[in-house]
Structures are given as structure tokens and as C-alpha cells.
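**Q** Residue numbers (our numbering): 116 to 533.
C-beta: ideal position from N, C-alpha, C; glycine also.
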RNA sequence: GUGGGUGUAGCUCAGUUGGCAGAGCGCUAGGUUGUGGUCCUGGAUGUCGAGGGUUCGAGCCCCUUCACUCACCCCA
């Protein structure tokens, strides 16, 4: 038996790093006024089809979709935004507070071919803000991401930003793009010619060399922005500059989900092979209304948690493991029983204590104590029990002291709490 | 969905022309009868990914298949 393809166990030795990231992210989110939200892993398929877009790869071929016993079509969430928007509308959150900020951390599911930094169950750290149209919020989210990566000790990441325009400027852009593509049609790859009808925007993001050359001077959304979108984007850039956040304007950055408008960005790394995006986000001013809520500007991002951890592992950012406080070496049945009772009391007092119940030799127990990286060892044998004194050995200094049996526990707590 | 690479002990990997299944680490026991790390000596652990074929004989050659992995695609 083994895990199914693209799914994996995250083993205890990797957990400290995951927890470190979670801790830093949560701390930062709270400082910026975000509240945690927890959403279901399963939703109606329709939610994702409508929000992400029917002709996207995610919806067309990557979702885990199946009928439940009553025949409803359900899908394991491939991303968080759609569910958070659904929740926002369902609970009429716009009615109680015009501005809401959420974050969540959890698994997403996409049935892609696995490779480095890409799994079928992968984790995202997600943040969304509803109700703010100002460009300062766009800057703030990029700034926040930048700050998080800085706190995690990461460098060598670059922020790529672009503006995708709004429903007002998009028609003129699409026309300009289609006219241009029509003239280059013969040079485009099969994939791109197919995309022309379905999602011409994505052609700008094609990685086939010939296509890249053919579309080198294609019209970009940036060149067709309406006045409002242009002002918005300029404010984002100017603010980031003032805050000292490095960024690259990348005309070819196109988000893969249909709902994005205006600002879109991606944080890229060079250390993960082909999976360069560790975080991505953008504005989606039309989605809340599209899904049945009131017109509400919104913006959010997702961090690829797995990828982030892999980048951190490569530069060795794992926090050091805390050593064990005490290991009880007990020799003989009486000592084992006593040791067991002591260990529970110490655990209960918050002291990390371990012992071994396999009836091993003293040498074997000392070896195990050493392996567990313990600070102290309590040696309890027949001799000690009859003499009412127990030996406490400091494993670093090799010093040993005798403790009286009557006052053992309080005495130990006193010494070990230091 | 498409291509490349790799599958041998718990882990990392050797394995020559087809001829007894190996090393290091780890685990374990002892040296030291009740004191760890270093050192020394011993021990255990294998469906050589699976199935078939060729051969007196296959870890090695051939076929099939599965898994893992990297890349394309796409994205976090």
C-alpha cells in the first residue's frame, strides 16, 4: 500500500518548517487586520466552473469532480478564492462590515501530472480582501508578501506585476490582440491556435519559443488600459517604489483564472526548476457580483505552501529541534513502575520526559537517552530505591547529583524548569 | 495527456563478460556484570519494483507492466 499519485505524507521531520511558516504568516496576517476563515474542502462543481472559468485548464481537466449519492456534482476545491467569495455572499458579510479581510491555510486538489513543487494535494496560504477599490490595497498585499518572505529569510525572489485592465478597457484590447494574432496565425503552435477562440489572453503566456518570438510585440493589456486602470496601476507602482519593494513590470504575466481584473502579480523563484511561482495573486473586482452578490471590489493572493517550504529547505531554514528535558533510566520492575508514575507527573507539569518500557540494559537505555538528545537522565535502579536517593545526571557536563525520593518530583521540576 | 531518467537492505548507493546478493550509514548485541556520544568485535534485515521470455545459469539480455522522478503543458 502506498499513497496515491501526487499525494504525499508530510513526515514529522518536516513539520517544524511548516509550523514556522504558519506561525510567521498568521502573525503577519493578524497585524495587518486579517481574520482566519475555514471553508469546506468540498463544494458544488458549479461554483468553481463559474468563478474560475469554464475553459480554463483547472476546470476542464484538473478538478477532482464526482457525483455524490444523490447525484449532485461535487468538486474537491482546486483553490480557495471561489469558496471564500461564496462564503462572503452566503453570509451576507457585506451587510455587516463594508471591508473584510480573510486568510486561510489548507489543502487544494488538482489532478495534474506531478513533478518538482507540484502535487495533486498541495497546500496554499490564502488571503482575500473585500470592499476596497483603492490601489493602496494592491500595494499592501504585495508589500505583505514581500515582508513575509523577508521574515522567513528568503531572498532571490522577484515580484512580477502587470495590469489586466477592467471590463471597460478589455474589449478594445481583445480586438487589438485578435487582429494581431490573426496576422501571426501561421507561426503559432497548435495549442495557441486552439486558444485563439477560447482564451486568447493565455497565448501571451505561451512558453514555446516560436510563439514567444511571434508574439514579441503583441499588444499588451498594459497598452490598452483605460484612464482609471492606468491611474490605478501607476499608484500601485509608485507606492511599491516608495516602500522599497522591488518589482518587475511583466507584460506577459497573465493569470490563468478568468476572474482577474487590473493588478495581477506573481512571486517567482529560480530555485525550484520549472515551478517558478511561489505565490500569485490579483484583483477580481467582478467576481462577487458574478456569483450573485453585490458589486464588490476584491483582491487576494495564494502562496504555494509546499513550494515555499521546498525553497526554505534548500537554503536550510529549518528551525532547530528542542532537546528533551529528561530521560528516565529505570532498571527492574519496581523502578519501571515508579519511573512511569514520575514521567506522567513531569509531563503533566510541562516537562518533556521520556522513558523506555522494553526492559533494556542500562547501556542500551543510556544510548537511547543520548539518541533522544536529552539534557538530563534520571537513573533509578534497585540500589537507589532501597537507599531512597535517585541519581540525576547532566548529560552535557556529566555531573551527577543525588535527589531524595520524598522530594523528587518538586526537586526535578525546580531543576528542569530552568 | 506527451516525452526523458531511475527502480538492488530502513536510508544513500556499488554490483565487471550472464556465474554464491554487497558496502557505508542506521538498527541490534557485546567488549565495560549499573552510565551515552568516540573506539573495537559480532548479529539481523532482500519478492534485486512486478509479470513473462531467452539461457545449464539472469540483478545484468529481451518483452510487458507498475511505481517514482524530471521536463512539456498548466499553475501555487
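#1: Using three-state DSSP, classify residue 378 as helix, strand or coil.
#2: Could you tell me whether the stretch 137 to 156 touches the stretch 256 to 269, using the rule of 3 or more Cβ pairs below 8 Å?
#3: Just confirm the distance between the C-beta atoms of residue 262 and residue 143, as a whole number of angstroms; I'd bet it's less than 8 Å.
#4: Do you know whose CA, among 274, 429, 448 and 335, lies nearest residue 362's CA?
#5: Start and end of the alpha helix (DSSP H) containing residue 163?
#6: Just list the beta strand (DSSP E) runs in the stretch 236 to 289, keeping only unbroken ones of 3 residues or longer that don't cross its boundaries, in chain order.
#7: Rounding to the nearest angstrom, what Cα-Cα distance links residue 171 and residue 372 in this structure?
#8: Check the DSSP bridge columns for residue 469 and list the partner residues they point to.
#9: How is residue 333 classed by DSSP in three states: helix, strand or coil?
#10: Round the Cβ separation of residue 487 and residue 505 to the nearest angstrom and send it over; I've been treating them as touching at under 8 Å.
#11: Would you identify the three-state DSSP class for residue 391, choosing helix, strand or coil?
#12: State the DSSP-derived secondary structure class of residue 420, mapped to helix, strand or coil.
#13: Is residue 458 helix, strand or coil when you go by DSSP?
#14: So, do the stretch 242 to 251 and the stretch 407 to 422 have three or more beta carbon pairs nearer to each other than 8 Å?
#15: Report the residue from 116, 349, 191 and 208 whose alpha carbon sits nearest the alpha carbon of residue 150.
#16: Is the separation between the beta-carbon of residue 194 and that of residue 217 shorter than 9 Å?
#17: Buried or exposed: where does residue 253 fall if 16 or more other Cβ atoms within 10 Å of its Cβ makes it buried?
#18: In whole angstroms, what is the alpha-carbon distance linking residue 444 and residue 526?
#19: Just list the alpha helix (DSSP H) runs in the stretch 136 to 223, keeping only unbroken ones of 4 residues or longer that don't cross its boundaries, in chain order.
#20: Along the chain, where does the beta strand (DSSP E) that runs through residue 495 open and close?
#21: When the Cα atoms are used, what is the spatial distance from residue 433 to residue 276?
#22: Residue 160 to residue 366, Cα distance in whole Å?
#23: Hey, how far is the Cα of residue 458 from the Cα of residue 131?
#24: Is DSSP giving residue 126 helix, strand or coil here?
#25: Quick one: Cα of residue 134 to Cα of residue 270, how far?
#26: When you compare each of 398, 403 and 422 to residue 385 by their alpha carbons, which one comes out closest?
#27: Would you call the CB atoms of residue 236 and residue 395 closer than 9 Å?
**A** Considering the structure as presented:
#1: The sequence position of residue 378 within the first chain is 263, counting from 1. Of the three classes helix, strand and coil, the one that applies to residue 378 here is strand, per DSSP.
#2: yes
#3: In the first chain, counting from the first residue as 1, residue 262 sits at position 147. In the first chain, counting from the first residue as 1, residue 143 sits at position 28. Confirmed, Cβ separation roughly 6 Å.
#4: What you label residue 362 is simply residue 247 of the first chain in a count that begins at 1. Its Cα nearest to that of residue 362, the residue 274 stands out among 274, 429, 448 and 335.
#5: As a first step, residue 163 is located in the first chain; it is residue number 48 there, counting from the start. For residue 163, the enclosing alpha helix (DSSP H) begins and ends at 160 to 167.
#6: 236 to 245 and 273 to 278
#7: To locate residue 171, count along the first chain from 1; it is residue 56. To locate residue 372, count along the first chain from 1; it is residue 257. So the two alpha carbons sit approximately 7 Å from each other.
#8: Start at 1 with the first residue of the first chain, and residue 469 comes out as number 354. Answer is 442, bridged to residue 469.
#9: Counting from one through the first chain, the residue named residue 333 turns up at place 218. Residue state, collapsed to three classes: coil.
#10: Numbered from 1 along the first chain, position 372 holds the residue referred to as residue 487. Numbered from 1 along the first chain, position 390 holds the residue referred to as residue 505. Not really, about 19 Å apart at Cβ, beyond 8 Å.
#11: Within the first chain, the letter at position 276 stands for residue 391. Coil at residue 391, not helix or strand.
#12: The residue given as residue 420 occupies position 305 in the first chain. Helix, per DSSP.
#13: One-based indexing of the first chain puts residue 458 at position 343. Residue 458 falls in the helix class under three-state DSSP.
#14: yes
#15: Walking along the first chain from the start, residue 150 turns up at place 35. Residue 208 is the option with its Cα nearest to residue 150.
#16: In the first chain, residue 194 corresponds to position 79, counting from 1. In the first chain, residue 217 corresponds to position 102, counting from 1. The answer is no: Cβ separation not under 9 Å.
#17: By one-based count along the first chain, residue 253 stands at place 138. It counts as buried.
#18: Residue mapping note: residue 444 aligns to position 329 of the first chain, counting from 1. Residue mapping note: residue 526 aligns to position 411 of the first chain, counting from 1. The straight-line gap from Cα to Cα measures roughly 18 Å.
#19: You should have 160 to 167, 196 to 205 and 208 to 211.
#20: The residue labelled residue 495 in the question sits at position 380 within the first chain. 489 to 495 is the extent of the beta strand (DSSP E) around residue 495.
#21: In the first chain, residue 433 corresponds to position 318, counting from 1. In the first chain, residue 276 corresponds to position 161, counting from 1. The straight-line gap from Cα to Cα measures roughly 30 Å.
#22: Walking along the first chain from the start, residue 160 turns up at place 45. Walking along the first chain from the start, residue 366 turns up at place 251. Between residue 160 and residue 366, the C-alpha separation is close to 32 Å.
#23: Along the first chain, read from residue 1 onward, the residue named residue 458 stands at position 343. Along the first chain, read from residue 1 onward, the residue named residue 131 stands at position 16. So the alpha carbons of these two residues sit roughly 25 Å apart.
#24: Residue mapping note: residue 126 aligns to position 11 of the first chain, counting from 1. DSSP places residue 126 in coil when its eight states are reduced to three.
#25: Looking up residue 134 in the first chain gives position 19. Looking up residue 270 in the first chain gives position 155. Whole-angstrom Cα-Cα distance: 20 Å.
#26: Along the first chain, read from residue 1 onward, the residue named residue 385 stands at position 270. Of the listed residues, the one whose Cα sits closest to residue 385 is 422.
#27: Against the first chain, residue 236 aligns to sequence position 121. Against the first chain, residue 395 aligns to sequence position 280. Cβ atoms of residue 236 and residue 395: not closer than 9 Å.
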